[in-house]
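Please read the structure below before turning to the comments.
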Amino acid sequence: MRNKKAQTSETITWIVATIIIVLLLLFFIFGASMLGSTRVVEGKFKESLISKSFESNSDLFLKKSIIAYYNVGENYARGLERNLISLNNAGNFRGNFTLELNEIQNLI
Amino acid sequence: MKSKKGNSLISLYWFFILGIIVGGVLIMTNAFYSAPYDVRNMEAELLGNHVANCISPEGKMHHLLIIGGRFFPAFKEDFEGKCKLNFAGFEDWDIEEYYVHVEIFKGAAKIPSYNLSAGNKNWEIDCEAEGVKFNKLPVCFNKTYYSYDNQSTLWRIELLSAVSKVQENVK
Numbered sequence: 024m025r026n027k028k029a030q031t032s033e034t035i036t037w038i039v040a041t042i043i044i045v046l047l048l049l050f051f052i053f054g055a056s057m058l059g060s061t062r063v064v065e066g067k068f069k070e071s072l073i074s075k076s077f078e079s080n081s082d083l084f085l086k087k088s089i090i091a092y093y094n095v096g097e098n099y100a101r102g103l104e105r106n107l108i109s110l111n112n113a114g115n116f117r118g119n120f121t122l123e124l125n126e127i128q129n130l131i
Numbered sequence: 010m011k012s013k014k015g016n017s018l019i020s021l022y023w024f025f026i027l028g029i030i031v032g033g034v035l036i037m038t039n040a041f042y043s044a045p046y047d048v049r050n051m052e053a054e055l056l057g058n059h060v061a062n063c064i065s066p067e068g069k070m071h072h073l074l075i076i077g078g079r080f081f082p083a084f085k086e087d088f089e090g091k092c093k094l095n096f097a098g099f100e101d102w103d104i105e106e107y108y109v110h111v112e113i114f115k116g117a118a119k120i121p122s123y124n125l126s127a128g129n130k131n132w133e134i135d136c137e138a139e140g141v142k143f144n145k146l147p148v149c150f151n152k153t154y155y156s157y158d159n160q161s162t163l164w165r166i167e168l169l170s171a172v173s174k175v176q177e178n179v180k
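Just so you know, the protein sequences line up as chains G and V, in that order. One rule links them: number in this note's numbering = place in the first sequence (from 1) + 23. One rule links them: number in this note's numbering = place in the second sequence (from 1) + 9.
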């Protein structure tokens, strides 16, 4: 009788242990699926493959606009500079406006 | 004899627990690493850059888009061909996953003088839902920039590119 009682308590211990193991696993599976959500890759590009910096500071659209600024008639250019500054302040361009302006001026 | 039976039962139980743990680890690894990378931001920007380079290569309006200060209609008719755009995508795509829309304004004009578009127009409406953070919506890329033509006329270009591809990028 005593032996039977001991066997029952041991079985109950293992059943409880199994339940705890299963619950722990479920908890970790839930955690892993929460952590493994979609990772968003932002659009920041390097200047070139050999460039040391991890992202480019130049902006294609700003460059094109500044080239236009130096090539349009004087009547357009006055208003354009103001528009470019306000677009830059609004976050339309990623690059450094003054730096790009000087860089392109030196090239033209 | 009884003890031998009990031992084999415990061994079976251990194998069962081991199986559960191995299965759990596999499910965990799969759940963590199967999440896709959402590269639509980069894709939309690359598409926008490509179209901008097509419309105004090196900052000057495309020579077949504006001729003698006027827009050349053939460019609009073959916009995808002229700009080397191919939105067909994979065979299992039921719908076009890309959209590009370009509006060209003369100087400071409020009404566009010309517009070009290609791809699935439905994404344009979703792009208007600004500020809504719902990853099942397409990712949009908006830019305003300036260009000039042969006659030194200033053109303002408003560009919108959208990439949907939810199945490939969002879990």
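Ideal Cβ placement from N, Cα and C applies to all residues, glycine included.
Could you tell me whether the Cβ of residue i comes closer than 8 Å to any Cβ of chain G?
i, result
"valine 60 of chain V", "no"
"lysine 169 of chain V", "Note that residue 169 of chain V is leucine in the sequence shown, not lysine. Output row for leucine 169 of chain V: interface = no."
"tyrosine 108 of chain V", "no"
"tyrosine 154 of chain V", "yes"
"asparagine 159 of chain V", "no"
"asparagine 16 of chain V", "no"
"phenylalanine 41 of chain V", "yes"
"isoleucine 36 of chain V", "yes"
How many angstroms separate the CA atom of residue i from the CA atom of residue j?
i, j, result
"glycine 102 of chain G", "phenylalanine 53 of chain G", "57 Å"
"arginine 105 of chain G", "proline 66 of chain V", "24 Å"
"asparagine 58 of chain V", "asparagine 119 of chain G", "18 Å"
"glutamate 33 of chain G", "alanine 40 of chain G", "11 Å"
"alanine 40 of chain V", "isoleucine 30 of chain V", "15 Å"
"aspartate 82 of chain G", "threonine 121 of chain G", "12 Å"
"leucine 168 of chain V", "leucine 47 of chain G", "51 Å"
"isoleucine 19 of chain V", "methionine 37 of chain V", "27 Å"
"alanine 97 of chain V", "glutamate 133 of chain V", "18 Å"
"isoleucine 42 of chain G", "tyrosine 42 of chain V", "27 Å"
"isoleucine 75 of chain V", "threonine 162 of chain V", "11 Å"
"leucine 125 of chain V", "glutamate 112 of chain V", "7 Å"
Between residue i and residue j, is the Cβ-Cβ spacing less than 8 Å?
i, j, result
"phenylalanine 157 of chain V", "valine 64 of chain G", "Here residue 157 of chain V turns out to be tyrosine, not phenylalanine, going by the sequence shown. No. Outside cutoff."
"phenylalanine 84 of chain V", "lysine 91 of chain V", "yes"
"tyrosine 123 of chain V", "lysine 87 of chain G", "no"
"asparagine 50 of chain V", "valine 148 of chain V", "yes"
"tyrosine 99 of chain G", "isoleucine 127 of chain G", "no"
"lysine 130 of chain V", "tyrosine 107 of chain V", "no"
"valine 172 of chain V", "alanine 53 of chain V", "yes"
"phenylalanine 88 of chain V", "alanine 127 of chain V", "yes"
"phenylalanine 114 of chain V", "arginine 79 of chain V", "no"
"histidine 71 of chain V", "cysteine 63 of chain V", "yes"
Could you please give the first and the last residue of the uninterrupted alpha helix (DSSP H) stretch that includes residue i?
i, result
"alanine 53 of chain V", "49-64"
"leucine 169 of chain V", "Here leucine 169 of chain V belongs to no alpha helix (DSSP H); instead the beta strand (DSSP E) covers 163-172."
"valine 148 of chain V", "It is not in any alpha helix (DSSP H) - valine 148 of chain V instead sits in the beta strand (DSSP E) that spans 148-157."
"valine 175 of chain V", "175-178"
"glutamine 128 of chain G", "120-130"
Would you say residue i reaches chain V, if we count a Cβ-Cβ gap shorter than 8 Å as a contact?
i, result
"asparagine 119 of chain G", "no"
"arginine 62 of chain G", "yes"
"serine 109 of chain G", "no"
"phenylalanine 50 of chain G", "no"
(request) Would you mind listing the alpha helix (DSSP H) stretches within the region 32-116 of chain G that are 4+ residues and don't spill past its ends, in chain order? (result) 83-94 and 97-112
(request) Please specify which runs of the beta strand (DSSP E), each continuous and at least 3 residues long, are wholly inside the region 67-142 of chain V, giving them in chain order. (result) 107-115 and 123-128
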